[in-house]
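Residue numbers (my numbering): 1158 to 1419.
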């Protein structure tokens, strides 16, 4: 598959958007393929964490102007709806897969690329990176691929409103200050930082991580009392796992717990 690389090694999947000469844009085929591969991670026991990054000096410039934007201007409404549902399905697949996703972001991170970064669980950036939600710049709403739901939860409603209305870009320092990034690194260090964190997550309790990700997502829609009840049920379920038992036994014996994902 041209346009990206998908590599599983040492329990970490590394997804690299790989069209650096065009700043790693997305195509119809890439959307479909990534949607299917993220969905398939539910059955991939060997994968415990995911890294999402871009080749070269950029993360992702969004939809390819010639391969996506141009054709969209010639489509009927039914075809356009199929496309917008496809892009949303990729975000759903990323949020629904049990593995935590760490994004390593340098350079351009715009449009749908910014959405994919936002759909990741954790984000590392560089000072020179530029994050922008460009949809209004081309006459579209900021309501794309879940942006109006996810972005306010990350940076707050006022800041999200500013970014989605204006389409302006924020550099790494501002993105860090606003909480979009979890940390800033030099361009040569951002991917290694993501790899280090992904390895830590991959060696941790996979079932517990999956439950944490699921509850972070599902509790967006719950009142506090309902969220507390849902967490009680989730935690009780995790207390039945062998990983929980192993962690206790390791604590008692003064050794490091070994998590096997069951």
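Ideal placement from N, C-alpha and C gives every residue a C-beta, glycine not left out.
Candidates the options, of which the one nearest residue i by Cα
i, options, result
"residue 1352", "1190, 1205 and 1317", "1205"
"residue 1364", "1289, 1394, 1388 and 1349", "1394"
"residue 1283", "1309, 1215 and 1247", "1215"
"residue 1362", "1380, 1413, 1324 and 1383", "1413"
"residue 1184", "1298, 1219, 1302 and 1411", "1219"
"residue 1337", "1289, 1195 and 1369", "1289"
Rounded separation between residue i and residue j - CA only
i, j, result
"residue 1262", "residue 1287", "9 Å"
"residue 1345", "residue 1276", "23 Å"
"residue 1321", "residue 1335", "14 Å"
"residue 1256", "residue 1367", "6 Å"
"residue 1391", "residue 1376", "12 Å"
"residue 1188", "residue 1251", "12 Å"
"residue 1159", "residue 1350", "26 Å"
"residue 1356", "residue 1193", "24 Å"
"residue 1247", "residue 1213", "23 Å"
"residue 1408", "residue 1415", "11 Å"
"residue 1397", "residue 1387", "16 Å"
"residue 1186", "residue 1229", "14 Å"
"residue 1343", "residue 1383", "42 Å"
Per DSSP, the bridge partner or partners of residue i
i, result
"residue 1288", "1266 and 1327"
"residue 1340", "1281"
"residue 1161", "1174"
Near the ligand PLP: residue i beta-carbon under 7 Å from a heavy atom
i, result
"residue 1311", "Among the components modelled here there is no ligand, and therefore nothing to report on the ligand PLP."
Taking 8 Å as the cut-off, does the stretch 1206 to 1217 touch the stretch 1239 to 1259 (at least 3 CB pairs, one atom from each stretch)? yes
Taking three-plus beta-carbon pairs below 8 Å as touching, is the stretch 1389 to 1409 in contact with the stretch 1314 to 1333? no
Starting from the N-terminal side, write out each stretch of the beta strand (DSSP E) that is 3 residues or longer and does not extend beyond the stretch 1166 to 1242. 1169 to 1175 and 1206 to 1211
Stretch pair the stretch 1229 to 1241 + the stretch 1169 to 1181: three plus CB contacts closer than 8 Å: no
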